[in-house]
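Numbering (our numbering), first residue to last: 202 to 561. Read through the structure below, which is laid out as structure tokens, and then see the notes.
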Amino acid sequence: MNFRYSLNLKEEGIKMKSKYVDLKLNMDLNRIKEAAMYIKKGKIVLFPTETVYGIGANALDEKAVNKVFEAKGRASDNPLIVHIANIDMLNNLVQGIGEIEEKLINNFWPGPLTIIFNRKECVPNNVTAGLNTVGIRMPSNKIARKLIEFANLPIAAPSANISGRPSGTKIEDIIEELNGKVDYILDSGIVDIGLESTVIRVIKNKVHILRPGKITVQDIENLGIDVIVEKQIMEECNPKEKVMSPGMKYRHYAPNTKCLLIYSDNEDKLIDRINEEINLEKNILVLGKTSHLDKYNTNSKLDMGESLEDISKNIFTLLRKVDSYNVDLVVIEGVKSEGLGLAIMNRLIRACEHNYIEVN
Ligand code: TXA
Ligand code: MG
């Protein structure tokens with residue numbers, strides 16, 4: 202299957218304008234070393250992490266970081282996450298690591314958790330978008346780790362996508378929008394998690410969740426730490442309102458087709474409500490759980506998978522597909538906003554631009 206994909210790129214006649222290496226069958230360390238040399242030289246590299254693909258640059262090189270902003274078309278007031286491979290790198294970049302941060306690091310790094318720290322002077326202004334804080338994450342993905350180790354540099358990397366689009370979870374989804382805009386592409390197939398990292402900041406001994414992800418509220422509370430979920434995670438942001446994380450205020454993940462998110466704790470009510478919608482509108486596409494699909498009175502439906510892990514892994518690819526169906530409305534099944542479900546709902550509610558119905 203993986204092998205077919207490499208063929209597909211050629212079959213589909215996609216002319217590679219960036220250097221492309223397929224690591225799916227063989228994790229060729231020499232190629233990762235070569236990509237690391239690109240980073241050292243101030244070029245930008247598309248690489249996998251366990252959450253989503255990233256577009257990386259030497260985090261200490263302001264010019265290289267600018268290329269990332271350009272490639273993505275990203276607003277300059279939205280800071281980047283810096284990826285590290287060891288604690289020495291962390292100590293070089295930040296100051297004032299508290300007890301709670303240490304606990305989080307010991308329990309969740311390497312892994313899908315970004316921690317906001319006070320930054321040191323050496324971090325360029327464009328990485329932090331002028332803030333005095335910097336978001337740091339130690340990824341667990343082996344290729345990401347090797348890339349950082351071989352470059353021996355911290356790597357600033359936002360998700361791999363044009364700003365506003367869903368993050369890239371496999372190269373097929375993003376090749377058209379990023380081909381030629383990055384210098385080097387490391388392809389390792391579909392990522393593990395499929396949603397971006399949990400972003401947190403510790404304030405007065407409490408963990409504030411700025412973006413939910415695979416590391417959940419419960420995971421952090423289990424360490425005996427108090428957690429506050431920022432309300433802006435599920436609400437619409439007033440553009441003038443102060444937000445704790447600039448990313449909260451941007452339009453994100455939304456397809457061009459109008460989307461409606463529907464959720465109920467009661468499965469039958471959820472399915473009934475979606476069928477009502479199908480009966481009203483002729484040209485509709487449903488995104489639903491595998492076990493629900495044959496209950497919908499329409500042929501246009503896409504399978505989100507069954508578990509929260511499946512949905513998390515599939516959802517960005519599905520959101521990228523819906524426009525090609527040329528429907529009037531996409532109806533998406535919601536999930537319970539708990540555990541990984543909070544991260545899924547946070548992305549879906551944005552994809553639907555807060556067009557959301559909860560059925561009691
Ligand atoms: O899983 C991930 O986090 C992926 C992979 C590539 O590591 N990266 C990612 O980066 O999702 P990006 O740039 O797409 O999202 C970073 C988010 C943005 O919402 C940004 O506003 C927030 O983190 N952020 C970064 N630095 C921050 C800071 N100093 N204070 C508050 N929020 C920050
Ligand atoms: Mg992003």
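Even for Gly, the Cβ is constructed at its ideal location relative to N, Cα and C. It should be emphasised that the depicted structure is a prediction, and the values quoted were computed from it without experimental measurement.
Quick one: residues in its chain with C-beta nearer than 7 Å to the C-beta of Ile372, no 5 flanking neighbours on either side, listed in chain order? Within the sequence shown, residue 372 is the residue found at index 171, counting from 1. Closer than 7 Å at the Cβ level, and outside the excluded window around Ile372, lie Ile386, Asp388.
In this structure, how does DSSP classify Arg275 when only helix, strand and coil are distinguished? The sequence position of residue 275 within the sequence shown is 74, counting from 1. It is coil, neither helix nor strand.
From which residue to which residue does the alpha helix (DSSP H) around Thr329 run? For the purposes of this step, residue 329 is identified with residue 128 of the sequence shown, where counting begins at 1. Secondary structure note for Thr329: its alpha helix (DSSP H) is the uninterrupted segment 326 to 329.
Check this for me: beta carbons of Ile317 and Arg402, under 8 Å apart or not? Taking the first residue of the sequence shown as 1, we reach residue 317 at position 116. Taking the first residue of the sequence shown as 1, we reach residue 402 at position 201. Yes, the Cβ-Cβ distance between Ile317 and Arg402 is below 8 Å.
If I measure Cβ to Cβ from Pro325 and keep anything under 8 Å in the same chain, skipping five residues before and after, which residues do I get? Residue numbering aside, residue 325 sits at position 124 when the sequence shown is read from its first letter. Taken in chain order, the residues that qualify are Ala260, Leu261, Asp262, Glu263, Val266.
Kindly indicate which residue of Asp420, Ile363, Phe351 has the alpha-carbon position closest to the one of Leu541. As a first step, residue 541 must be located in the sequence shown, where it is residue number 340. It is Asp420 whose Cα lies nearest to the Cα of Leu541.
For the beta strand (DSSP E) that contains Tyr526, what are its first and last residues? The residue labelled residue 526 in the question sits at position 325 within the sequence shown. Segment: none, Tyr526 is in no beta strand (DSSP E) and carries neither H nor E.
Just reading off the alpha helix (DSSP H) that Ile285 is part of, what are its end residues? Position 84 of the sequence shown, counted from the start, is the residue given in the question as residue 285. Annotation: Ile285 is outside any alpha helix (DSSP H) and is labelled neither H nor E by DSSP.
For Glu350, which residues in the same chain have their Cβ closer than 7 Å to its Cβ, ignoring the five residues on either side in sequence? For this step, residue 350 is matched to residue 149 along the sequence shown. Answer for Glu350: Ala286, listed in chain order.
Count the other CB atoms, across all protein chains shown, that sit within 10 Å of the CB of Glu302; report buried if there are 16 or more and exposed otherwise. As a first step, residue 302 must be located in the sequence shown, where it is residue number 101. By the Cβ neighbour-count rule, Glu302 is buried, with 16 or more other Cβ atoms within 10 Å of its own.
Arg346 (DSSP reduced to helix, strand or coil): Counting from one through the sequence shown, the residue named residue 346 turns up at place 145. Residue state, collapsed to three classes: helix.
Using the Cα positions of Gly331 and Thr315, report the straight-line distance between them to the nearest angstrom. Translated into the one-based positions of the sequence shown, residue 331 becomes position 130. Translated into the one-based positions of the sequence shown, residue 315 becomes position 114. Cα atoms of Gly331 and Thr315: separation of roughly 18 Å, rounded to the nearest angstrom.
Return yes when at least one heavy atom of the ligand TXA lies under 7 Å from the C-beta of Thr499, else no. Along the sequence shown, one-based indexing puts residue 499 at 298. For the ligand TXA, not one heavy atom lies less than 7 Å from the Cβ of Thr499.
Can you tell me the Cα-Cα spacing of Ser492 and Gln433, whole angstroms? Locating residue 492 in the sequence shown gives position 291, where the first residue counts as 1. Locating residue 433 in the sequence shown gives position 232, where the first residue counts as 1. Between Ser492 and Gln433, the C-alpha separation is close to 32 Å.
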